[in-house]
Amino acid sequence: MLESDQRDETVVIRPWWLVTLFALRFTLGATSLVGGLTWILLNLHSASAVLDVAVGTVLSVGGLILLMPHRVRLPRKTTAVVMTGFALAGTAAGLLVARSQTCCMFAYITDRGWPFHWAQRGAVADDPETAFRVAQSASWTFDLLSLAANLLLFSYVGLIVVVAAVQIRRASR
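Quick note: the sequence shown uses my numbering, first residue 1104, plus one each step.
See the structure below:
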């Protein structure tokens, strides 16, 4: 082979943190896609089937978007800001949804958060009035896993909104 037939190929080595970030995005995308589809299949016959299908769809679509960055090019800063804003605003707005119940020989429990309840307080007493009164003065407890699920879900809603806006903008050109 002649020297003129050889091409000068430069190998680009990406930094370790960028490779790690790509691996994390792929893992989160694959887990979200499979988890969302599984969520839909397992909860199709539940009492809140519409909510569960919506949650599963958001997780699946968000995971699919994360798996295909070569197909959907997004502005990084705008996407990060919108996803963060949606995650915080959606989770905070979910606190407006409260559910209280008296149960099981006078246990009074109040849950907050939507679609996953992540803040709760309650009490157990000998009669319902005392349980209610003690529960109102009890401190709130937080379920960090449900909080993380709410943040992820609403950040995916923001991601889907950005993708829709970018696709509409590209189609209008």
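Note that the Cβ used here is the ideal one computed from N, Cα and C, for glycine as well. Remember, predicted model here, so these are calculated numbers, not experimental data.
N- and C-terminal bounds of the beta strand (DSSP E) containing residue i
| i | result |
| --- | --- |
| residue 1203 | 1201-1206 |
| residue 1210 | 1210-1215 |
Cβ separation of residue i and residue j, assumed to be a contact under 8 Å, to the nearest whole Å
| i | j | result |
| --- | --- | --- |
| residue 1193 | residue 1163 | Not a contact, Cβ separation roughly 18 Å. |
| residue 1265 | residue 1177 | 6 Å |
| residue 1258 | residue 1186 | 4 Å |
| residue 1167 | residue 1199 | Not quite, the Cβ-Cβ distance comes to about 30 Å (not below 8 Å), so this is no contact. |
| residue 1216 | residue 1188 | That pair is no contact at about 18 Å. |
Contact set for residue i: own chain, Cβ-Cβ below 8 Å, skip 5 residues either direction
| i | result |
| --- | --- |
| residue 1238 | 1211, 1212, 1213, 1224, 1225 and 1226 |
| residue 1209 | 1227, 1228, 1229, 1230, 1231, 1233 and 1234 |
Close-in-space but distant-in-sequence residues of the same chain around residue i (CB under 6 Å, 5 per side omitted)
| i | result |
| --- | --- |
| residue 1119 | none |
Boundaries (first-last residue) of the alpha helix (DSSP H) holding residue i
| i | result |
| --- | --- |
| residue 1142 | 1119-1145 |
| residue 1186 | 1179-1197 |
| residue 1163 | 1152-1170 |
Cβ shell of residue i (< 7 Å), same chain only, five flanking positions each side left out
| i | result |
| --- | --- |
| residue 1165 | 1135, 1259, 1262 and 1263 |
* Asked: How about the region 1124-1138 and the region 1169-1178: do they share at least three Cβ pairs that are nearer than 8 Å?
  -> yes
* Asked: Which full runs of the alpha helix (DSSP H) of 4+ residues lie inside the region 1227-1270, going along the chain?
  -> 1231-1240
* Asked: Touch check for the region 1243-1256 and the region 1221-1229: three-plus C-beta pairs under 8 Å?
  -> yes
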